[in-house]
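K.L.:
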Amino acid sequence: MTGTSNAKGSALREKKIVVRAIGDSFRKLHPRTMVKNPVMFVVEVGAVITTIQLLWNAAHHVVSVGFGFGLQITLWLWFTVLFANFAEAMAEGRGKAQAETLRKARAETEAHRVKDDGSIEQVPGSTLRAGDVVIVTAGEFIPGDGEVIEGIASVDESAITGESAPVIRESGGDRSAVTGGTRVISDEIRIRITANPGETFLDRMIRLVEGASRQKTPNEIALNILLAGLTIIFLLAVATLQPFAIYSHASQNIFVLVALLVCLIPTTIGGLLSAIGIAGMDRLIQRNVIAMSGRAVEASGDVDILLLDKTGTITLGNRAATQFIAAPGVNERELADAAQLSSLADETAEGRSIVVLAKEKYGLRGRDLSAHETNFIPFSAHTRMSGVDLDGRQIRKGAPDAIARYATEHGNLIPAEVQKQIEGIASSGGTPLLVTENRRILGVIALTDIVKGGMRERFDHLRAMGIKTVMITGDNPLTAAAIARQAGVDDFLAQARPEDKMALIRREQANGRLVAMTGDGTNDAPALAQADVGVAMNTGTQAAKEAGNMVDLDSNPTKLIEIVEIGKQLLITRGALTTFSVANDVAKYFAIIPAMFAGVFPQLGILNIMHLRTPQSAILSAVIFNALIIVALIPLALRGVRYRPVGAAALLRRNLLIYGMGGIIAPFIGIKLLDVLIRVLHWA
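Just so you know, the sequence shown maps onto residues 2 to 685 in the working numbering.
(1) Classify Thr241 as buried or exposed, calling it buried when 16 or more other Cβ atoms lie within 10 Å of its own Cβ.
(2) Using only CA atoms, which one of Val357, Leu224, Glu500 lies nearest to Pro39?
(3) Would you kindly report the start and end of the unbroken beta strand (DSSP E) that includes Ala537?
(4) Three-state secondary structure (DSSP) at Phe380?
(5) Going by CA-CA distance only, name the one from Asp188, Ala545, Gly520, Gln570 that's closest to Glu299.
(6) For Gly152, report the span of its beta strand (DSSP E) as first-last.
(7) Report the option in Arg486, Val490, Gly522, Leu529 whose CA atom is closest to the CA atom of Arg507.
(8) Within this structure, are the beta carbons of Ala638 and Ala276 separated by less than 8 Å?
(9) I'd like to know whether the C-beta atoms of Ile473 and Lys362 end up nearer to each other than 8 Å.
(10) What did DSSP end up calling Thr615 once you bin it into helix, strand or coil?
(11) Does Ser187 come out as helix, strand or coil in the three-state DSSP assignment?
(12) Could you round the C-beta distance between Glu158 and Gln543 to whole angstroms and report it? I think they count as a contact, below 8 Å.
(13) In whole angstroms, what separates the C-alpha of Phe80 from that of Thr138?
(14) Among Gly140, Arg645, Arg21, which residue has its Cα nearest to the Cα of Thr110?
(15) On the CB-based measure, 16 or more other CB atoms within 10 Å of its CB, does Asp450 come out buried or exposed?
(16) Excluding the five sequence neighbours on either side, which residues of its own chain have a C-beta within less than 6 Å of the C-beta of Tyr660, listed in chain order?
(17) Bridge partners for Gly520 per DSSP, in chain order?
(18) Assuming Ala537 and Asp521 are in contact, meaning their beta carbons sit under 8 Å apart, how far apart are those beta carbons, in whole angstroms?
(19) I want to know whether the stretch 232 to 241 touches the stretch 260 to 268 - three or more CB-CB distances under 8 Å.
(20) If distances are taken between C-alpha atoms only, which option among Val134, Leu72, Ile23, Thr183 comes closest to Ser155?
(21) May I have the straight-line CA-CA distance separating Tyr407 from Ile150, to the nearest angstrom?
(22) If we ignore side chains and look at the alpha-carbon of each, how far apart do Leu561 and Ile286 end up?
(23) Give the straight-line distance between the Cα atoms of Pro416 and Leu494, rounded to the nearest whole angstrom.
(24) Are the CB atoms of Phe626 and Leu608 nearer to each other than 8 Å?
(25) Answer with buried or exposed for Glu500, where buried requires no fewer than 16 other C-beta atoms within 10 angstroms of its C-beta.
(26) So for Leu554, helix, strand or coil by DSSP?
(27) Quick one: grab the DSSP three-state call for Thr312.
(28) How many Å lie between Ile378 and Ala340 at the Cα?
(29) Smallest Cα separation from Leu83: which of Leu658, Val168, Gly272?
(30) Mind reading off the beta-carbon distance from Ile306 to Glu509? Whole number of angstroms is fine, and I expect it under 8 Å.
(31) Looking at the unbroken alpha helix (DSSP H) that takes in His462, where does it start and where does it end?
(32) Considering only residues of the same chain and omitting the five flanking positions on each side of Val471, which have a CB-CB separation below 6 Å?
(33) Just to confirm my understanding: we take Gly671, look at its own chain, exclude 5 residues before and 5 after, and list those with CB closer than 6 Å. What are they?
(34) Looking only at its chain, what residues have a beta carbon closer than 7 Å to the beta carbon of Ala88, apart from the 5 residues adjacent to it on each side?
(35) Indicate the three-state DSSP secondary structure (helix, strand or coil) for Gly181 in the structure shown.
(36) Short of 6 Å in beta carbon distance, which residues of its chain neighbour Lys546, apart from the five on each side in sequence? Order them along the chain.
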């Protein structure tokens, strides 16, 4: 029953899209809109000219050309323009339907805003500004985009992602970003608003899926220039044809000349080009990926290398402390005490897990430090360690190489036994953290990373597509190597700082490669901005989502497989239909040219290989076919040519064989059938 209801709902939505597209087809006839598509603008100008000529002939009773023939040519020219507009409107209509769904998630909400004096006031969500702090409890909607600054909660993001499973949002780390319109289903969180009204992620999504901010890509612009060039060439050819025709006593009327021009210029690809680009972005939206530009979708089709942040992207992101290993001469409880003290102000999942492990193993509980002289040292991407200064004790924990440098400044080396433990933890895929007190090494904390399921298979798929995968992590080389082996990536970059990621991307780009980057943390933002395709995880920070040119609402790092396939599909579809369009024009040439001059030059009758009955029938058949082929190819333009991982040479052969030969054969068959139909119906 549910399946039947879904099918009916889908059919109803499609019907609404078609009805809206029909109306939009007429609205797009405005010259300001049409001039953006030079090929179809020429067709519209031709339709206007034949319409004026038809009305002038009727008013002055000119019978040099049959009124019925001229009327049919004029109508089919207008149909050609409308069908091209319809293709674009259909592609845009799907985006508008998605935008309507998103608008339902942007319902007006009440917010509990925290005032400067700490009191709470209830205000409309639309009045919130960046910097405001709000409290959201279970059952309430999050009133705007923001960052969780206190607490942890389960959040229902189905209105945005379509996934029913709730996600965890918490302060600190890379899972602190929340989106307006989503609903808290457990606990309570305090949020700092990061976007003003009209600037939220949801607002940007709506504008993007509606196509309002869509810009033409470089390849699309280049193809438009090529089509405009071909149009100018054929326009000049047709314009200069009439003097020769007059000289040879085979002058043509305006209807025939315009019909010749429209059939020779690349109207098929000209009418479908915009629809192909818009449909590419729409296919990404259907897979829960928001592309900030058509350029990003197009670039994804040529990606050579994929960089992936490890934590939260390849691994689940919640590394947990599993063991305290004390240095020689140090009691394990002493190590656990120091580790817990250094983690009390650490709001990351790893920091909390250290506090919990010390509590579970040794009964060490959080202490009241208000009576002590305390200075917490926050984690820094540059120092790669954190800690606390407490009553003369300088406790630090962090990456082994960072702590080693810190300790050796006062002559304290890492004991050989501790070094072996570090290497053992790292080689098994864990992450070791060193703990030091007053620069004396106390021991190691073992953190365990969990690789997300199905990673190896997905990376094998990327490899088959010719894409190299590189894992980027701040961990030491041994840990990185173990996780890389477990996940199945091709290479890794260990102990990476934000500037190291940037340098790697720039180096690959300098070698002529197109680089894709996926990440979710604030430290990934520079690399996401530098990459040709930057895919930010929706579970990540606001900074990451702002820096990337795509946002994966499902937060699946291997979604790039589908993104690349869609990008390649867009490029292949455009190439295939361009090949078909050019070949199409060759066949129509054999229909119209003999019809125009065979009466004066009987020798040209040999070119009438379709054996079309009369010149008027031949010309009308070609014009009708020219219009109908656009309609016939709309489903392919919207769906896209199926992508198969084959080489460029094989792809070119396939294009020429299927779309090149098809573009030549289809008009011969179609025009001949239309000629027969026209003869039966006595249209010409």
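Built from N, CA and C at the ideal position, the CB exists for glycine as well.
P.N.:
Once the coordinates are examined:
(1) exposed
(2) Leu224
(3) 534 to 538
(4) coil
(5) Gln570
(6) 147 to 157
(7) Leu529
(8) yes
(9) no
(10) coil
(11) strand
(12) Their Cβ separation, rounded to whole angstroms, is 15 Å, which puts Glu158 and Gln543 out of contact at 8 Å.
(13) 57 Å
(14) Gly140
(15) buried
(16) Ala577, Thr580, Phe581
(17) Ala537
(18) 7 Å
(19) yes
(20) Thr183
(21) 30 Å
(22) 13 Å
(23) 27 Å
(24) no
(25) exposed
(26) coil
(27) helix
(28) 13 Å
(29) Gly272
(30) 6 Å
(31) 456 to 465
(32) Leu308, Asp492
(33) Phe626
(34) Gly272, Leu273, Ala276, Ile631, Ile635, Ala638
(35) coil
(36) Ala537, Val552
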